[in-house]
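Undergrad:
In my numbering, the protein residues as written are 247 to 404.
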């Protein structure tokens, strides 16, 4: 009688680079376009397998994470991304045009009666909201004091 060894079964991730959602279909609950987001929250929002995300990152197919020196060490040393970078990346994957300030303006639409269109005002509101949120955010993202200062300064240069 022939004995057949079981072979390894490769399970495809539910989302591939070709099937990533449109930026308008992605929701980061409680976060704004300028907000930092952990890898775990990010992969959940876009429906990607965390292992697939790591492969894509190692192949330099994803946006660059925010500087790791800005954040307090956490178990597993998770990487942190900016929501706007993820949304702009998703748009580019679909051949669409989107810029960070537009994602920030969309975040502001939920709190204002009219759209804020002046880029300097958008940056100022993002800075104000980020400062009010403080250095500890949902999803286990926690800035160092110097990192939080640098993050706030970075919001002025987008």
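Note that beta-carbon positions come from the ideal geometry of N, C-alpha and C, so glycine has one too.
Got a sec, what are the start and stop residues for the alpha helix (DSSP H) residue 273 sits in?
TA: No alpha helix (DSSP H) contains residue 273, which DSSP labels as neither H nor E.
Undergrad: If you draw a straight line from the C-alpha of residue 283 to the C-alpha of residue 331, how long is it?
TA: Straight-line Cα distance between these residues: approximately 10 Å.
Undergrad: Given this structure, state the Cα-to-Cα distance separating residue 355 from residue 371, to the nearest angstrom.
TA: Taking the straight line joining both Cα atoms gives about 11 Å.
Undergrad: Which residues in the same chain have their Cβ closer than 8 Å to the Cβ of residue 391, if we skip the five residues on either side of it in sequence?
TA: Cβ within range, chain order: 381.
Undergrad: Run through the DSSP bridge pairs and tell me what residue 383 is partnered with.
TA: In DSSP, residue 383 forms a bridge with 387.
Undergrad: From the DSSP secondary-structure annotation, give me the bridge partner or partners of residue 327.
TA: Beta-bridge pairing links residue 327 to 283.
Undergrad: Find out if the Cβ-Cβ distance for the pair residue 393, residue 287 is shorter than 7 Å.
TA: Going by C-beta atoms, residue 393 is not nearer than 7 Å to residue 287.
Undergrad: Decide if residue 363 is buried, meaning its Cβ has at least 16 other Cβ atoms within 10 Å, or exposed.
TA: Exposed, because fewer than 16 other Cβ atoms sit within 10 Å of the Cβ of residue 363.
Undergrad: Following a CB-centred definition, is residue 367 positioned closer than 6 Å to any heavy atom of the ligand SAM?
TA: Looking for the ligand SAM in the displayed structure turns up nothing, as the structure carries no ligands at all.
Undergrad: From what residue to what residue does the alpha helix (DSSP H) around residue 301 run?
TA: 296-304 is the extent of the alpha helix (DSSP H) around residue 301.
Undergrad: Inspect the beta-carbon positions of residue 279 and residue 329 and report whether they are closer than 7 Å.
TA: Yes; because the gap between Cβ atoms is below 7 Å, this pair is in contact.
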